[in-house]
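*Asks:* Dropping a structure here in structure tokens format, bear with me for questions.
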Amino acid sequence: MSIESALPTGTDVLGEIDRLKRERNAVILAHYYQKPQIQDIADFVGDSLELSRKAAETDAEVIAFCGVKFMADTAKILSPDKIVVLPDIDAGCSLEDSCPPEKFKAFREAHPDHIALTYINCSTEVKALSDVIVTSSSAETIISQIPESQKIIFGPDRHLGGYLSRKFGREMLLWPGVCIVHEAFSETELLKLKAQHPGAPVAAHPECPPAIIDHADYVGSTSGILQFAKTFDGDTLIVATEPHIMHQMALAIPEKRFIGAPGADGNCNCNICPYMALNTLEKLYIALRDLEPRIEIEEGLRLAARRSLDRMLEMASGTVGLGDLGPAA
Ligand code: 13P
Ligand code: SF4
């Protein structure tokens with residue numbers, strides 16, 4: 001029996017979420033890739049960096065994280081005194097799965113003169129083995145503060161790493177992970193779509209492969225793409241990222257047309273993130289009711305992971321530079 005079907009018949013899920021949120025002093029954080037119903041009841045919807053900042057700043061006692069596990073883990077690393085719940089504990093990420101900590105550790109040890117600049121889409125263990133974490137919205141600001149002479153390992157997303165490497169003209173050692181969602185966009189189908197909508201710009205997430213990025217007029221994080229959607233000159237935009245972000249575009253700019261870039265079958269259903277989709281309103285209600293599934297992280301590991309996340313938060317908001325990196329844990 002699924003969790004949802006165990007709910008008493010007639011449960012007013014939205015009303016109960018609202019009641020429990022107040023009773024628990026909880027904040028609901030949601031990523032742009034969540035279902036529209038979840039985005040609509042969230043207290044804050046944002047990209048990975050914005051959600052990390054919110055998690056670090058909130059004075060709520062409970063964080064209900066509607067996103068994937070590495071995001072909820074990040075909230076717990078930054079806010080250890082809060083209860084952090086994730087509606088579906090199986091909401092993982094193909095990038096996290098591609099990078100087992102023991103293999104990453106061995107890779108680091110084989111390249112002792114490199115620092116590890118690591119995408120936030122990874123496990124807490126990999127964060128603990130890294131020097132600086134980046135998100136897609138902070139990566140460029142952070143790389144520009146790293147001296148040219150410093151060698152870099154970038155993981156686990158080879159497409160984001162490759163994009164940054166090309167943009168900055170810097171060689172980096174890339175871990176071979178990919179996001180299965182962005183990997184599924186088809187260049188052939190994108191070109192057909194562009195031909196059907198002449199002049200419509202393409203906005204793409206840097207997790208896309210280079211064949212898609214090469215056709216993009218704008219490349220950036222989810223919040224960057226949303227900002228581009230609000231400001232581009234024209235009436236139709238082709239969006240090459242997970243399609244649930246188009247909910248925010250339709251709310252903010254209802255007069256414009258947003259079209260999801262297609263997968264190989266010419267239909268964009270294959271670009272829905274299967275991990276993000278595991279969260280439902282019913283599971284969110286149960287998470288607030290039972291305060292489970294709860295994120296727990298062993299304190300030594302949490303402190304080690306916090307170093308690289310704190311560096312991200314500092315470097316993302318200014319020009320503090322690398323400082324004294326010290327050895328990775
Ligand atoms: P951003 O929201 O930071 O652009 O990242 C997207 C993502 O990978 C979510 O899994
Ligand atoms: Fe991971 Fe890709 Fe899903 Fe983001 S969209 S959670 S990178 S699988």
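If you're matching positions, the sequence shown starts at 1 in the working numbering and goes up one per residue. Cβ coordinates follow ideal geometry from the N, Cα and C atoms, glycine included. Note that the structure is a prediction, hence the values are computed from the model and not measured.
(1) Could you pull out every residue in the same chain whose Cβ sits closer than 7 Å to the Cβ of His-111, ignoring the five residues on either side in sequence?
(2) Do Asp-157 and Tyr-218 have their CB atoms nearer than 8 Å?
(3) Report the residue from Ala-261, Pro-254, Pro-274 whose alpha carbon sits nearest the alpha carbon of Ala-91.
(4) For Cys-270, collect the residues of the same chain with a Cβ closer than 6 Å to its Cβ; drop the 5 residues on either side in sequence, then sort them by chain order.
(5) Once the 5 residues before and after Gly-326 are set aside, which same chain residues still bring their CB inside 7 Å of it?
(6) Using a Cβ-Cβ cut-off of 7 Å (strictly less than) and excluding sequence neighbours within five positions of Ile-83, which residues of its own chain qualify?
(7) Quick check on Arg-108: buried or exposed, where buried means 16 or more other Cβ atoms within 10 Å of its Cβ?
(8) Whose beta carbon lies closer than 5 Å to any heavy atom of the ligand 13P, going through the chain in order?
(9) Under 7 Å: does the beta carbon of Leu-226 sit that close to some heavy atom of the ligand SF4?
(10) Across which residues does DSSP place Cys-122 in a beta bridge pair?
(11) Compute the distance between the beta-carbons of Leu-78 and Ala-56, then report whether it is under 8 Å.
(12) With DSSP run on the structure shown, which of helix, strand or coil describes Asp-310?
(13) For His-247, verify whether its CB is less than 7 Å away from any heavy atom of the ligand SF4.
(14) Return the bridge partner residues of Phe-185 from the DSSP annotation.
(15) Does the Cβ of Thr-11 have 16 or more other Cβ atoms within 10 Å, making it buried, or fewer, making it exposed?
(16) Indicate whether Asp-18 and Ser-223 have their beta-carbon atoms separated by less than 8 Å.
(17) One question on the structure: do Val-132 and Met-315 come within less than 8 Å of each other, judged by their Cβ atoms?
(18) Would Gly-199 be called buried (16 or more neighbouring beta carbons within 10 Å of its own) or exposed?
(19) Counting only the same chain and skipping the five closest in sequence on each side, list residues whose C-beta sits under 8 Å from that of Arg-302.
(20) With respect to the alpha helix (DSSP H) encompassing Leu-70, which residues constitute its N-terminal and C-terminal limits?
*Replies:* Taking the geometry as given:
(1) Exclusion of the five residues before and after His-111 leaves Ile-153, Leu-173 as the residues of its chain whose Cβ lies within less than 7 Å of its Cβ.
(2) no
(3) Ranking Ala-261, Pro-254, Pro-274 by CA distance to the CA of Ala-91 puts Pro-274 first.
(4) Once the five neighbours on either side are set aside, the close Cβ partners of Cys-270 are Ala-184, Gly-263.
(5) Any reading at Gly-326 needs caution, since the residue's pLDDT is 47, under 50, leaving its predicted position unreliable; the model's value is listed next. If we look at Gly-326 and ignore the five residues flanking it on each side, it has no Cβ neighbours.
(6) Glu-61, Val-62, Leu-291, Arg-294
(7) So Arg-108 counts as buried.
(8) Asp-47, Ser-48, Thr-135, Ser-136, Ser-221, Thr-222
(9) Checking every heavy atom of the ligand SF4 against the Cβ of Leu-226, none is found closer than 7 Å.
(10) Residue pairing by DSSP leaves Cys-122 without any beta bridge partner.
(11) yes
(12) helix
(13) no
(14) Gly-263
(15) When all chains shown are included, Thr-11 counts as exposed.
(16) no
(17) yes
(18) exposed
(19) Lys-76, Ile-77, Pro-80, Thr-124
(20) As written in the sequence, residue 70 is Phe, which differs from the Leu given in the question. Residue range 69-78 is occupied by the alpha helix (DSSP H) that includes Phe-70.
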